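Numbering (the numbering used here), first residue to last: 38 to 121.
Presented below is the structure to which this report refers.
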């Protein structure tokens, strides 16, 4: 190269800045949209888990009641067997 200076144009056109800002805004909106969707899914899963937990607790209470009835029936059967 000779001593000739190479001049670089470092100015950024307005459309480039606007496009970059629009891209950043769209990306941010997409992130917020996805996070809102995740939060909604987590809320739905929490509600489903609470419903399942309530169902299990109800079932456990019924099983406990049935166990008490079986114990009473076994005691009654043992009593009547001993009386024979």
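Don't be surprised by glycine CBs; every beta carbon is placed ideally from N, CA and C.
All values derive from a computational prediction rather than experimental measurement.
Rounded separation between residue i and residue j - CA only
i	j	result
residue 59	residue 52	10 Å
residue 57	residue 81	36 Å
residue 87	residue 55	48 Å
residue 78	residue 113	52 Å
residue 65	residue 103	57 Å
residue 108	residue 91	26 Å
residue 96	residue 85	16 Å
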